[in-house]
């Protein structure tokens, strides 16, 4: 489990309606991880991961997992798989910075 509160990733280009495909991970500690995956409003692009809230998504899927393996399995082969990998990599980098030893 990551020690940071959240991680976020979005695609580099908007969708045709001006929204962005995005994914947000929320660390719930011993309760696992919550994932929002969907279409992020354009006005939420500048938000830090900890500031993204569910209403920043115009359409989202909300799923909860007890382990990272479950989340990775769930998104494997789906359109959000690359975003999950990116968000996890971001979380690992942030963890390394906050806990250098």
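Residue numbers (our numbering): 12 to 112. For every residue, glycine included, the Cβ atom is placed at its ideal position computed from N, Cα and C.
Beta bridge counterpart(s) of residue i as assigned by DSSP
| i | result |
| --- | --- |
| residue 73 | 47 |
| residue 2 | Outside the modelled stretch of the chain, which goes from 12 to 112, sits residue 2, for which no answer is possible. |
| residue 32 | 50 |
Beta carbon of residue i nearer than 8 Å to that of residue j
| i | j | result |
| --- | --- | --- |
| residue 96 | residue 60 | no |
| residue 15 | residue 34 | no |
| residue 43 | residue 77 | yes |
| residue 30 | residue 50 | yes |
| residue 55 | residue 91 | no |
| residue 57 | residue 67 | no |
Run of the alpha helix (DSSP H) containing residue i, from where it starts to where it stops
| i | result |
| --- | --- |
| residue 82 | 79-86 |
Continuous beta strand (DSSP E) stretch holding residue i: start and end
| i | result |
| --- | --- |
| residue 19 | 17-21 |
Legend entry - Any 3 or more C-beta pairs closer than 8 Å across the stretch 22-40 and the stretch 98-110: yes
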